[in-house]
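If you're matching them up, the sequences are chains H and C in order. If you read the first sequence in our numbering, its first letter stands for residue 2, the second for the next number, and so on. If you read the second sequence in our numbering, its first letter stands for residue 113, the second for the next number, and so on. Just so it is clear, CB atoms sit at the ideal spot from N, CA and C, and this is done for glycine as well. None of these values were measured; they are calculated from a predicted model. Worksheet: the structure to be examined is printed underneath.
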Amino acid sequence: MKNHSRFFVAAGVIMLVVISLICSGPAWAEYPDRSITVLVGFVPGGSMDLSARALAKSAEKILGQPVMIENKPGGTGTVALAALLSQKPDGYTLCATPSSVLIRVSQQQKVPFKPFTSFKTVIGFTEPQLGLVVKSDAPWKTLKDLTAYAAKNPGKLKYATTGVGSTTHAAVEEIASKDKLQLIHVPYKGSMEALTALLGGHVEFAALTSELVPAVKSGQARLLAVISEKRSVKYPDVPTMKELGYDFANDAVFAIVAPADIDPAVMKKLEGVFAAAAKNSEYLETLDRINMIPVYYDGRAFDSFLRKHWKIINKSLIASGAIKEAATKPE
Amino acid sequence: MDALNGLLYGLSVAFEFHNLGLLLAGCLLGTLVGVLPGLGPVGAISILLPLTFQLPPAGAIIMLAGIYNGAMYGGSTTSILINVPGEAASAVTCLDGYAMARKGRAGTALGIAVFGSFIAGTVGLIGLQLIGGPLSVLALKFGPPEYFAIILMGFTFIVYLAQGSMIKAVLMALAGILLSLIGLDPITSEQRFTFGNIHLFEGLSVVPLAIGLFGLAEVFVNLEKTAPARVLQVKIKNMFPNKSQWLRARWAIVRGTVIGFFMGILPGGGPVLSTFMAYGVEKRVSKHPEKFGHGAIEGVAAPESANNAAASTSFIPLMTLGIPPNVVLAVLFGAFMIHGVTPGPLLMTQHPEIFWGVIASMYMGNVILLILNLPLIPLWVQVLRIPDKILYPLIVLFCLLGAYSVHNSVFDIGVMLLFGMVGYLLNKFDFEPAPLVLGFVLGPLFEVNLRRSLLMSQGSFAIFVERPIALVALIVCVILIILPFIQAIRKTSRPIS
Chain H
2 MKNHSRFFVA
12 AGVIMLVVIS
22 LICSGPAWAE
32 YPDRSITVLV
42 GFVPGGSMDL
52 SARALAKSAE
62 KILGQPVMIE
72 NKPGGTGTVA
82 LAALLSQKPD
92 GYTLCATPSS
102 VLIRVSQQQK
112 VPFKPFTSFK
122 TVIGFTEPQL
132 GLVVKSDAPW
142 KTLKDLTAYA
152 AKNPGKLKYA
162 TTGVGSTTHA
172 AVEEIASKDK
182 LQLIHVPYKG
192 SMEALTALLG
202 GHVEFAALTS
212 ELVPAVKSGQ
222 ARLLAVISEK
232 RSVKYPDVPT
242 MKELGYDFAN
252 DAVFAIVAPA
262 DIDPAVMKKL
272 EGVFAAAAKN
282 SEYLETLDRI
292 NMIPVYYDGR
302 AFDSFLRKHW
312 KIINKSLIAS
322 GAIKEAATKP
332 E
Chain C
113 MDALNGLLYG
123 LSVAFEFHNL
133 GLLLAGCLLG
143 TLVGVLPGLG
153 PVGAISILLP
163 LTFQLPPAGA
173 IIMLAGIYNG
183 AMYGGSTTSI
193 LINVPGEAAS
203 AVTCLDGYAM
213 ARKGRAGTAL
223 GIAVFGSFIA
233 GTVGLIGLQL
243 IGGPLSVLAL
253 KFGPPEYFAI
263 ILMGFTFIVY
273 LAQGSMIKAV
283 LMALAGILLS
293 LIGLDPITSE
303 QRFTFGNIHL
313 FEGLSVVPLA
323 IGLFGLAEVF
333 VNLEKTAPAR
343 VLQVKIKNMF
353 PNKSQWLRAR
363 WAIVRGTVIG
373 FFMGILPGGG
383 PVLSTFMAYG
393 VEKRVSKHPE
403 KFGHGAIEGV
413 AAPESANNAA
423 ASTSFIPLMT
433 LGIPPNVVLA
443 VLFGAFMIHG
453 VTPGPLLMTQ
463 HPEIFWGVIA
473 SMYMGNVILL
483 ILNLPLIPLW
493 VQVLRIPDKI
503 LYPLIVLFCL
513 LGAYSVHNSV
523 FDIGVMLLFG
533 MVGYLLNKFD
543 FEPAPLVLGF
553 VLGPLFEVNL
563 RRSLLMSQGS
573 FAIFVERPIA
583 LVALIVCVIL
593 IILPFIQAIR
603 KTSRPIS
């Protein structure tokens with residue numbers, strides 16, 4: 002009995018070795034010689050999924066191989082990153098992720114990877130349209146009107162965000178702490194719920210992501226400030242928070258990452274392909290339709306972006322009482 | 113967009129070629145699962161949900177709604193011909209439907225069930241179409257305190273209307289709420305009951321849970337039944353009821369429709385319960401209550417009308433408030449979310465193609481089902497002859513596929529298997545799984561709106577009584593809780609006086 006099982010184990014190991022040798026193929030074949038899979042840590046239909054699909058479609062035209070999206074939702078986007086690390090670092094499996102999963106979620110939850118060192122970034126390609134909005138019949142025309150009113154009426158104004166510790170929450174916290182305002186935070190799950198609360202008059206203002214665009218367009222809501230480094234092409238007259246004196250900009254950039262130990266030659270090829278893919282006009286139209294803003298970060302720029310914002314987020318999460326210290330070590 | 117223009121726009125969506133195809137597929141699949149004992153609309157929608165991922169949201173919801181309506185039509189066939197309900201909402205139909213069939217009136221029973229369903233379903237849809245828009249506007253005024261109070265009222269109704277033991281229904285709803293606590297705290301984003309497992313960060317998902325409880329568990333339960341159900345060997349003829357039968361069934365259809373209409377909107381109500389109520393009412397108002405159970409046509413017409421009216425109107429709270437009133441809609445709620453669409457007051461303005469498209473497609477679905485059902489009944493009878501040894505492994509396979517493909521997650525298969533076993537045990541101990549799933553879906557809404565209200569009021573509970581809608585809902589809750597006690601006291605005090 003014992004001998005039998007040993008024989009089977011040995012035979013099994015030999016089979017596995019042979020199979021893996023066959024499957025790994027000749028090492029000199031030019032990359033890519035088959036389809037590439039991009040894992041997405043969120044459900045189909047969301048902005049992460051749709052923007053990754055658009056970029057993948059553009060990239061496969063340049064690569065000459067299919068680039069397929071595989072949704073692996075779960076763990077607020079961390080399941081997909083963990084799944085990427087369990088794959089061979091051969092460049093055939095990548096992961097599309099928002100930076101927030103690397104630098105925000107991983108501070109709130111212990112995750113099975115090191116945010117700074119487990120991955121190499123192929124490209125940071127898009128970010129959502131973040132902004133501060135009021136109902137269109139509200140008396141406040143500018144952010145200054147709003148903060149002046151809040152200063153005179155402490156504890157009166159209620160605001161909705163997409164959740165405690167989210168970028169939208171941190172943005173309002175920055176305003177409140179700089180102007181020493183007393184505001185009431187009502188967190189919602191996602192932008193759509195927060196927008197519903199604003200339009201129903203249950204909160205006075207809201208910090209939202211891309212869902213604000215249709216509401217502003219239809220005249221239901223007024224945009225007071227955008228939360229990004231630069232003004233939005235769509236709203237050239239609306240100031241950024243930075244211009245108004247608050248040192249805060251969006252920290253959620255969507256990126257494609259590869260395992261850190263990927264072959265440098267393959268990585269180089271991927272960087273070139275995706276940088277070119279991000280210029281495709283059809284892709285840019287899709288981004289515009291789903292209210293996402295195109296941006297460009299190469300690996301190095303994205304790395305310093307992550308390191309800079311890790312610290313900012315760490316400070317704000319501790320200040321808001323969400324965490325005492327980061328749940329994951331960044332490197 | 114007013115109700116008429118909305119409907120016309122909806123028809124333009126529903127008549128798009130692919131949507132028409134999806135509707136037809138949904139109606140056929142729904143009728144099939146309705147006919148097959150052991151698989152109801154909850155299981156079927158959960159299992160088929162992943163198939164809709166590649167579709168645009170409107171098409172996906174149109175197909176899933178078609179399954180729901182189809183199941184309401186198909187369920188009666190099995191009840192009438194083999195005395196086994198094809199799904200829960202047709203259980204009552206067995207009583208008189210099978211009796212009619214044994215007396216050689218199977219055709220009439222099947223016919224009146226289909227016509228009653230058509231009339232009631234259409235009336236329910238008119239209600240959905242007319243009420244939906246205004247209620248969406250009103251619903252925008254609902255803030256966290258109103259939502260909290262309405263969901264609390266929903267829970268009270270779920271328990272009050274439970275078919276079996278009230279205590280068991282309370283326990284099930286609480287178990288559902290407890291399960292919904294797994295994952296990130298909705299306000300502070302802290303982890304709860306995740307044990308550091310990343311698969312639990314976002315909590316359990318409703319689809320594997322529902323597939324386990326309603327799909328796999330049913331297979332387990334059916335495996336125990338050794339004696340195969342016998343299809344009655346009758347000639348199905350005279351499906352069009354004659355004049356005297358119409359006259360007898362006429363008011364039963366009207367009453368069934370009205371009951372179904374309101375039970376559909378009510379949280380915790382839904383098609384299943386409406387059939388029991390409609391049957392009870394018919395028996396009470398009938399001049400010949402003794403005929404019930406021996407082939408009274410009213411006993412088929414009323415419940416079959418009620419379940420279709422309820423199926424239509426149960427979309428009202430989901431599409432306007434974002435609150436699923438029953439377990440099928442709870443799974444559909446999950447389907448909306450998976451497709452990135454949040455059902456609620458803004459659905460009508462932001463996704464008119466879904467709001468009106470689904471309503472219009474349900475009108476058409478009713479017509480399709482009416483036309484399809486009568487000639488296809490012999491085919492469904494053939495389906496009933498598929499041996500269990502082929503049917504059940506197939507259902508198990510679909511359960512596995514369905515659970516895996518929602519998140520491409522092996523973990524979800526484990527969840528599904530676990531709840532399959534839980535569902536089997538619940539069945540053995542006479543617990544209903546429906547309040548559990550409702551608790552699971554309504555639990556997070558309940559919690560988050562309670563906490564949001566208190567954040568808004570800075571901790572004061574007065575916020576719930578200061579706002580009229582919330583206050584009314586809370587008063588209804590109190591009445592519902594006190595009512596059984598008063599009844600109990602009356603019963604005990606009567607012999608003394």
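| said: Within a Cβ cutoff of 8 angstroms, which residues of the same chain sit near Leu136/C, ignoring the five residues on either side of it in sequence? | reply: Working through the second sequence from its first residue, we reach residue 136/C at position 24. Result list for Leu136/C: Gly178 and Ile480, in chain order.
| Interface flag, Ile310/C vs chain H, CB-CB below 9 angstroms | Position 198 of the second sequence, counted from the start, is the residue given in the question as residue 310/C. For Ile310/C, the answer is yes, since a Cβ of chain H falls inside 9 angstroms of its Cβ.
| query | For the segment 455 to 486 of chain C, which residues have a CB atom closer than 9 angstroms to at least one CB atom of chain H, in sequence order? | reply | Gly456, Pro457, Leu458, Thr461 and Gln462
| query | What residues from chain C crowd round Gly42/H, counting only those whose CB sits closer than 9 angstroms? | reply | Working through the first sequence from its first residue, we reach residue 42/H at position 41. Neighbours of Gly42/H on chain C: none; closest Cβ ~10 angstroms, over 9 angstroms.
| message | Quick check on Ala139/H: does DSSP put it in helix, strand or coil? | response | Residue numbering aside, residue 139/H sits at position 138 when the first sequence is read from its first letter. DSSP places Ala139/H in coil when its eight states are reduced to three.
| Identify the residues that DSSP records as bridge partners of Ala259/H: which are they? | Here residue 259/H refers to the residue found at position 258 of the first sequence. Its beta-bridge partners are Lys121/H.
| task | Could you name the residues of the same chain whose beta carbon sits closer than 6 angstroms to that of Lys145/H, not counting the 5 residues immediately before and after it, in chain order? | result | Against the first sequence, residue 145/H aligns to sequence position 144. No residues qualify anywhere along the chain.
| message | By the three-class DSSP mapping on this structure, what secondary structure does Asp114/C have? | response | Here the question's residue 114/C lines up with position 2 in the second sequence. Coil.
| task | Report the neighbours of Thr77/H on chain C: residues whose CB is nearer than 8 angstroms to its CB, in chain order. | result | As a first step, residue 77/H is located in the first sequence; it is residue number 76 there, counting from the start. Residues of chain C passing the Cβ test: Leu296, Phe313 and Glu314.
| field | Short CB-CB distance (under 9 angstroms) between Lys215/C and chain H | value | Counting from one through the second sequence, the residue named residue 215/C turns up at place 103. No - not a single Cβ of chain H is within 9 angstroms of the one on Lys215/C.
| message | Quick check: the segment 581 to 597 of chain C against the segment 253 to 263 of chain C, are at least 3 beta-carbon pairs closer than 8 angstroms? | response | yes
| field | Contacts that Asn72/H makes with chain C (C-beta to C-beta distance below 7 angstroms) | value | In the first sequence, counting from the first residue as 1, residue 72/H sits at position 71. Per Cβ cutoff of 7 angstroms: Asn520.
| Closest to Gly246/H by CA distance: which of Val217/H, Pro67/H and Ile228/H is it? | Indexing the first sequence from 1 puts residue 246/H at position 245. Among Val217/H, Pro67/H and Ile228/H, the Cα nearest to that of Gly246/H is on Ile228/H.
| field | Cβ-based contacts, 7 angstroms cut-off: residues of the segment 80 to 107 of chain H near chain C | value | Val80 and Ala83
| said: I need the straight-line Cα distance from Leu209/H to Gly315/C, nearest angstrom please. | reply: For this step, residue 209/H is matched to residue 208 along the first sequence. For this step, residue 315/C is matched to residue 203 along the second sequence. Approximately 24 angstroms, taken between the alpha carbons.
| request: Could you name the residues that DSSP lists as bridge partners for Phe206/H? | output: In the first sequence, the residue the question calls residue 206/H occupies position 205. Per DSSP, Val135/H and Tyr160/H.
| alpha helix (DSSP H) runs wholly inside the segment 407 to 444 of chain C, at least 4 long, in chain order | 410 to 425 and 427 to 433
| Cβ contact (3+ pairs, closer than 8 angstroms) linking the segment 310 to 326 of chain C and the segment 587 to 600 of chain C | no
| Which class does Tyr298/H belong to by DSSP, given the choice of helix, strand or coil? | Stepping through the first sequence from its first residue, residue 298/H is reached at position 297. Strand at Tyr298/H.
| request: Measure the CB-CB distance between Lys330/H and Arg223/H and report whether it falls below 9 angstroms. | output: As a first step, residue 330/H must be located in the first sequence, where it is residue number 329. As a first step, residue 223/H must be located in the first sequence, where it is residue number 222. Cβ atoms of Lys330/H and Arg223/H: not closer than 9 angstroms.
| When we look at the beta-carbon of Ile466/C and count the other beta-carbons within 10 Å, is it buried (16 or more) or exposed? | Counted from its first residue, the second sequence places residue 466/C at position 354. Buried, by the Cβ-count rule.
| field | Candidates Met49/H, Lys218/H, Ser100/H and Gln108/H, of which the one nearest Ala302/H by Cα | value | Counting from one through the first sequence, the residue named residue 302/H turns up at place 301. Of the candidates Met49/H, Lys218/H, Ser100/H and Gln108/H, the one whose C-alpha sits nearest the C-alpha of Ala302/H is Ser100/H.
| Proximal residues, the segment 185 to 217 of chain H versus chain C, C-beta separation under 9 angstroms | Ile185, His186, Val187, Pro188, Tyr189, Lys190, Gly191, Met193, Glu194, Leu196, Thr197, Ala198, Leu200, Gly201, Gly202, His203, Val204, Glu212, Pro215 and Ala216
| request: Please work out which residues of its chain come closer than 8 angstroms, Cβ to Cβ, to His463/C, disregarding the five sequence neighbours upstream and downstream, and give them in chain order. | output: Translated into the one-based positions of the second sequence, residue 463/C becomes position 351. The answer, listed in chain order, is Pro169, Ala170 and Val453.
| request: Note the first and the last residue of the continuous beta strand (DSSP E) segment covering Met69/H. | output: As a working mapping, residue 69/H is identified with position 68 in the first sequence. Taken as a continuous stretch (DSSP letters only), the beta strand (DSSP E) holding Met69/H covers Val68 to Asn72.
| said: Under 9 angstroms, Cβ to Cβ, is there at least one residue of chain C near Gly26/H? | reply: Taking the first sequence and counting its residues from 1, one reaches residue 26/H at position 25. Model confidence at Gly26/H stands at a pLDDT of 46, short of 50, so the residue's coordinates are unreliable; what they give is reported in the following sentence. No, Gly26/H does not count as interfacial toward chain C.
| Between Met460/C and Glu194/H, what straight-line distance do the alpha-carbon atoms span, to the nearest angstrom? | As a first step, residue 460/C must be located in the second sequence, where it is residue number 348. As a first step, residue 194/H must be located in the first sequence, where it is residue number 193. Spanning the two alpha carbons is a distance of roughly 14 angstroms.
| query | Which residues, taken in chain order from the segment 587 to 606 of chain C, show a beta carbon closer than 8 angstroms to some beta carbon of chain H? | reply | none
| message | Against chain C, with Cβ distances strictly below 9 angstroms, would Gln130/H count as a contact? | response | As a working note, residue 130/H is residue 129 in the first sequence. False, the Cβ-Cβ gap to chain C never drops below 9 angstroms.
| message | Does the contact criterion of 3 or more C-beta pairs under 8 angstroms hold for the segment 495 to 507 of chain C versus the segment 233 to 247 of chain C? | response | no
| Per-residue contacts from Val111/H into chain C (C-beta, under 7 angstroms) | Here the question's residue 111/H lines up with position 110 in the first sequence. Reading the sequence as shown, one finds Lys at residue 111/H and not Val. Near Lys111/H (Cβ distances below 7 angstroms), the residues of chain C are Gly308.
| said: Do Ile377/C and Pro92/C have their beta-carbon atoms positioned less than 9 angstroms apart in this structure? | reply: Residue numbering for chain C in the displayed model covers 113 to 609; residue 92/C lies beyond these limits and cannot be assessed.
| Which runs of the alpha helix (DSSP H) fall wholly inside the segment 149 to 197 of chain H and span at least 4 residues, in chain order? | 168 to 180
| According to DSSP, is Thr241/H helix, strand or coil? | Locating residue 241/H in the first sequence gives position 240, counting from the first residue. Three-state result, Thr241/H: strand.
| request: Give the straight-line distance between the Cα atoms of Asp500/C and Ala364/C, rounded to the nearest whole angstrom. | output: Here residue 500/C is taken as the residue at index 388 of the second sequence, counted from 1. Here residue 364/C is taken as the residue at index 252 of the second sequence, counted from 1. Cα to Cα, the separation comes out at about 36 angstroms.
| query | Three-state secondary structure (DSSP) at Ala28/H? | reply | Numbered from 1 along the first sequence, position 27 holds the residue referred to as residue 28/H. Interpretation of Ala28/H is limited by its pLDDT of 47, a score under 50 that renders its predicted location unreliable; the figure taken from the coordinates is listed afterwards. Looking at Ala28/H - three-state DSSP - the assignment turns out to be coil, as it is neither helix nor strand.
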